[in-house]
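Here our numbering is used: the first residue of the sequence shown is 4, the next is one more, and so on. The structure under discussion appears below in the form of structure tokens.
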Amino acid sequence: MTTTSGLAIVTGASSGIGAELARQLSARGQPVLAIGRRGHRLEELSARARSAGHAAVHPLELDVTAEGAALHVRDRARALGGAAWLVNNAGTTHLGPFLDGDPAALTRLVRLNCESVVALCAAVVPDLVARGGGRVLNVASLAAFQPTPGHAVYGATKAFVLSLSESLAVELDGTGVTVTALCPGPVTTEIFDAGAPGVPRKKPSFEMSAEDCAAYGIAAADRGAAVVVPTLVSKATAQLSRVLPRAALRRLSGRIGLSIIGYESTPRRARG
Ligand SMILES: NC(=O)c1ccc[n+]([C@@H]2O[C@H](COP(=O)([O-])OP(=O)(O)OC[C@H]3O[C@@H](n4cnc5c(N)ncnc54)[C@H](OP(=O)(O)O)[C@@H]3O)[C@@H](O)[C@H]2O)c1
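Structural data, given as structure tokens:
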């Protein structure tokens, strides 16, 4: 069963990495079911694909955390001929000390970054298996490899996505369905406007474009890689997380994470 063709479900296709994933998949001939809450952005993506002569982009304006959303996506994909790819990309962040966060917003973050991924995998992967092959591409993060003081809940959600993806990859071995966890470091997108409005952020020198990140993820999913980390600096960082003693890793990660979001020292409440 070919896996470089067939419908691709892409969540979070209205901006950033997801919009690029949708654009690049459609440009190479895969129809896309493009999901997000901002329907006008999806319509624009669809119109651009049409005028470029690319495969169809079908907009689906949907909050993936809504009750029944995953089954709705599965049914829409079935109506379009069945999915060959599931790209769980929709996500957001929360920058700032945990105790300064709005508890409801932090809970919503977990619902989006973790629960919706579980629900969509549970709804769609059985169809990929029944089809005899397919690709699951879960967008995790470099933040998955270590604790992330300064964006504690975000890092925890991405560790969840990485762990889930690796376990699924093993469980699906032999079915023709592969699962890839894409773990980028910083990428230039709207995520920081959404997850940290007004928080000044120092842009790291190794930040990559959404276009390069999406291309890297698609190539990795094509070859069925389980875990991929784009850019040399990010690869080295992920490797460091494996070899450093956990206590040293926590301290280092805290210093870097807090300084990136403009906190020069450990926040007041965390000093203890
Ligand atoms: N940018 C980075 O530095 C970076 C690094 C590592 C990993 N990532 C991961 O990359 C993924 C994409 O993020 P991005 O950087 O491209 O950010 P982005 O530009 O803010 O895109 C986030 C996407 O998620 C969608 N989304 C948010 N809440 C949603 C909901 N409830 N239902 C449906 N769609 C929803 C947004 O669409 P609507 O607002 O229209 O719903 C948007 O299309 C995320 O999982 C993120 O954690 C990003």
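Ideal Cβ placement from N, Cα and C applies to all residues, glycine included. Model, not experiment: these values are computed from the prediction.
Between residue i and ligand 1, is the CB less than 6 Å from at least one heavy atom?
{"i": "Leu115", "result": "yes"}
{"i": "Asp176", "result": "no"}
{"i": "Pro203", "result": "no"}
{"i": "Ile194", "result": "yes"}
{"i": "Asn141", "result": "no"}
{"i": "Ala93", "result": "yes"}
{"i": "Pro187", "result": "yes"}
{"i": "Thr68", "result": "yes"}
{"i": "Val190", "result": "yes"}
{"i": "Arg77", "result": "no"}
{"i": "Ile221", "result": "no"}
{"i": "Ile259", "result": "no"}
{"i": "Gly15", "result": "yes"}
{"i": "Gly19", "result": "yes"}
{"i": "Ala197", "result": "yes"}
{"i": "Ser144", "result": "yes"}
Decide if residue i is buried, meaning its Cβ has at least 16 other Cβ atoms within 10 Å, or exposed.
{"i": "Ser29", "result": "buried"}
{"i": "His43", "result": "exposed"}
{"i": "Pro203", "result": "exposed"}
{"i": "Val173", "result": "exposed"}
{"i": "Ser262", "result": "exposed"}
{"i": "Val13", "result": "buried"}
{"i": "Pro152", "result": "buried"}
{"i": "Ser17", "result": "buried"}
{"i": "Gln1", "result": "Since the displayed the chain opens at 4 and closes at 275, residue 1 lies outside it and no answer follows."}
{"i": "Leu235", "result": "exposed"}
{"i": "Val246", "result": "exposed"}
{"i": "Lys293", "result": "The first residue shown for the chain is 4 and the last is 275, placing residue 293 beyond what the model contains."}
{"i": "Thr181", "result": "buried"}
{"i": "Ala25", "result": "buried"}
{"i": "Ala86", "result": "buried"}
{"i": "Leu145", "result": "buried"}
{"i": "Ala250", "result": "exposed"}
{"i": "Gly158", "result": "buried"}
{"i": "Gly177", "result": "exposed"}
{"i": "Gly275", "result": "Caution is warranted here: a pLDDT of 31 is assigned to Gly275, below 50, making its placement in the model unreliable, and no coordinate value can be reported."}
{"i": "Glu23", "result": "buried"}
{"i": "Ser268", "result": "Model confidence at Ser268 stands at a pLDDT of 48, short of 50, so the residue's coordinates are unreliable and nothing is read from them."}
{"i": "Arg41", "result": "exposed"}
{"i": "Ser237", "result": "buried"}
Please determine whether the Cβ atom of residue i lies at a distance below 6 Å from any heavy atom of ligand 2.
{"i": "Arg41", "result": "Ligand 2 is not among the ligands present in this structure, which contains only ligand 1."}
Using the DSSP secondary-structure output, state which residues sit across from residue i in a beta bridge.
{"i": "Thr191", "result": "Ser212"}
{"i": "Thr183", "result": "Leu140"}
{"i": "Asn91", "result": "Asn141"}
{"i": "Gly39", "result": "Glu64"}
{"i": "Val230", "result": "Ala184"}
{"i": "Leu10", "result": "Ala86"}
If we cut at 7 Å on Cβ distances, does residue i have a partner in chain D?
{"i": "Val76", "result": "The chain labelled as chain D is not found in the depicted structure, where only one protein chain is given."}
Between the region 163 to 170 and the region 195 to 211, are three or more C-beta pairs nearer than 8 Å? no
For the 8 Å Cβ check, are there 3 or more pairs between the region 178 to 186 and the region 227 to 234? yes
Below 8 Å, how does it come out for the region 134 to 148 and the region 63 to 74: are there three or more Cβ pairs, yes or no? no
For the pair the region 80 to 96 and the region 190 to 199, tell me if three or more CB-CB distances fall below 8 Å. yes
For the 8 Å Cβ check, are there 3 or more pairs between the region 110 to 123 and the region 71 to 79? yes
Determine contact between the region 217 to 226 and the region 127 to 137, defined as no fewer than three beta-carbon pairs at a distance below 8 Å. no
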